[in-house]
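*Asks:* Residue numbers (the numbering used here): 3 to 495.
#1: Can you list, in chain order, the residues of its chain with a C-beta nearer than 7 angstroms to that of residue 222? Leave out the 5 residues immediately preceding and following it.
#2: Here's the rule: buried if 16 or more other CB atoms are within 10 angstroms of the residue's CB, otherwise exposed. What is residue 74?
#3: How is the alpha helix (DSSP H) around residue 85 delimited, first residue to last?
#4: To the nearest angstrom, how far is the alpha carbon of residue 175 from that of residue 47?
#5: Which residues bound the alpha helix (DSSP H) around residue 141?
#6: Do you know how far the Cα of residue 60 is from the Cα of residue 25?
#7: Could you check whether the region 262–270 touches the region 233–242, counting it as contact only if at least three pairs of C-beta atoms, one from each stretch, sit closer than 8 angstroms?
#8: Around the Cβ of residue 120, are there at least 16 other Cβ atoms within 10 angstroms (buried) or fewer (exposed)?
#9: According to DSSP, is residue 241 part of a helix, a strand, or is it coil?
#10: At the level of alpha carbons, what is the spacing between residue 235 and residue 259?
#11: If we ignore side chains and look at the alpha-carbon of each, how far apart do residue 256 and residue 285 end up?
#12: For residue 330, which of helix, strand or coil comes out of DSSP?
#13: Buried or exposed: where does residue 492 fall if 16 or more other Cβ atoms within 10 Å of its Cβ makes it buried?
#14: Give the DSSP bridge partners of residue 154, in chain order.
#15: Can you tell which of 156, 281, 144 has the C-alpha that lies nearest to the C-alpha of residue 191?
#16: Report the option in 358, 389, 379 whose CA atom is closest to the CA atom of residue 461.
#17: Do residue 453 and residue 420 have their CB atoms nearer than 8 angstroms?
#18: Express the C-alpha separation of residue 65 and residue 159 in angstroms, rounding to a whole number.
#19: Counting only the same chain and skipping the five closest in sequence on each side, list residues whose C-beta sits under 6 angstroms from that of residue 328.
#20: Can you look up residue 256 in the DSSP assignment and give me helix, strand or coil?
#21: Can you give me the C-alpha to C-alpha distance between residue 67 and residue 371, rounded to a whole angstrom?
#22: Which one of 206, 343, 200 has the shortest CA to CA distance from residue 318?
#23: What residues in its chain sit with their C-beta under 6 angstroms from that of residue 216, if we drop five residues either side in the sequence?
#24: Taking just the CA atoms, how far does residue 107 sit from residue 125?
#25: Could you tell me whether the Cβ atoms of residue 377 and residue 346 are closer together than 8 angstroms?
#26: Among the residues of its own chain, which have a CB less than 8 angstroms from the CB of residue 279, if the five just before and after it don't count?
Following this line, the structure appears as structure tokens:
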């Protein structure tokens with residue numbers, strides 16, 4: 003049964019200098035077989051998995067409602083914002099009706115916030131029901147280790163119950179990195195949390211940081227016809243994505259007016275007398291915009307966990323180190339999963355990490371993990387990739403051939419009015435096996451799973467040549483790209 007317990011408030015011991023000492027553990031401390039700190043994708047999956055194994059589980063969540071960063075400020079709200087923008091702006095219909103076409107002529111922050119609220123409420127309801135039916139207990143408050151087997155929870159009502167755990171999973175996620183020299187005001191100069199908490203539509207936007215988060219928000223606002231300037235100190239961005247896909251992506255963004263400032267650092271940020279944000283670059287150029295979004299990195303939300311009391315250390319970005327196969331920290335009964343352990347920081351992989359951590363914690367044998375998992379970047383347009391990029395294949399000196407299919411070559415693409423979008427497939431010349439699939443365009447994050455399945459099952463180009471795909475669908479691009487590669491491959495007897 004789902005429970006929320008009231009605990010006796012712990013009494014602090016006194017130090018010799020008169021300051022409060024560490025809390026004494028009261029006699030009625032509740033003990034659980036697993037305590038999960040954080041209820042995002044990794045935490046929820048770890049908790050439910052342990053509960054299905056018949057274990058007593060408590061989830062401690064710093065927010066008043068469960069869901070973690072993923073539900074409240076990260077994955078779900080950013081994707082909801084994206085879908086809202088694409089719907090209200092009429093983006094998907096512009097191939098037919100022109101770039102000036104809009105479903106709603108004047109789109110403001112209220113329009114974006116309404117759908118966000120409804121979606122997040124639904125996500126929280128689903129998660130609370132999932133915890134209830136699996137018998138997972140929850141507690142609101144911020145957890146802090148007081149020793150390797152006990153945490154003190156600072157609850158919203160000011161109480162500080164202490165909870166004992168045989169095992170722990172740390173799944174606290176991350177928070178935006180906010181350097182001291184950036185004058186954040188949460189109105190004109192914001193981070194990726196603020197853009198969700200108080201959505202608005204500026205006339206112009208500067209985005210600092212061309213990582214996944216920066217790219218997603220830059221392209222979402224660009225779809226609203228906001229003038230966007232993207233600043234990145236490195237010469238390249240999204241380096242884990244096939245370069246041909248990035249070249250196509252960059253071309254599309256430049257075509258719709260996004261300005262790139264790559265390979266240059268920010269020298270200073272200030273607001274002028276009119277309230278506009280002036281971003282000064284080290285090359286002497288200034289970028290003046292109505293709003294600035296700083297999206298250059300995130301920090302593990304571990305600062306308040308009291309890691310020193312349980313023997314753990316984090317790196318300079320607040321991230322924990324784990325065994326990549328079991329997600330066990332150097333303290334055997336404490337595990338960590340999700341964004342708090344760093345790359346790849348995907349909701350999908352975080353869920354699996356949490357499940358594996360719970361299984362290992364209770365001695366459940368685990369099958370080997372699949373060799374490849376997909377990446378999804380919910381930009382406008384979408385990018386999704388699985389397997390090796392062309393650069394990876396070259397680095398490993400594997401003889402290969404590529405096939406390309408453009409969405410406009412499919413009948414479904416014509417029906418949808420798609421002028422852009424492509425699929426790239428890479429095959430081994432020696433074994434004919436699929437090595438990688440890379441997609442940019444409408445539905446990329448859905449289409450990628452066909453390639454993922456064939457890749458992990460060690461399938462060859464023959465699967466795509468010999469099998470039938472629904473018509474008309476964008477999935478036909480698999481056959482088109484495979485035939486394109488097959489036409490260049492040497493014939494065998």
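For every residue, glycine included, the Cβ atom is placed at its ideal position computed from N, Cα and C.
The structure displayed is predicted, hence computed values, not measured ones.
*Replies:* Looking at the atomic coordinates:
#1: 83, 84, 87, 382
#2: buried
#3: 77–91
#4: 14 angstroms
#5: It is not in any alpha helix (DSSP H) - residue 141 instead sits in the beta strand (DSSP E) that spans 139–142.
#6: Bear in mind that a pLDDT of 41 at residue 25, under 50, signals an unreliable position, so the model cannot answer this.
#7: yes
#8: exposed
#9: coil
#10: 20 angstroms
#11: 21 angstroms
#12: strand
#13: exposed
#14: 146, 164
#15: 281
#16: 389
#17: no
#18: 13 angstroms
#19: 362
#20: helix
#21: 32 angstroms
#22: 343
#23: 209, 297
#24: 29 angstroms
#25: yes
#26: 190, 191, 208, 271, 272, 273, 290, 291, 292, 293, 294
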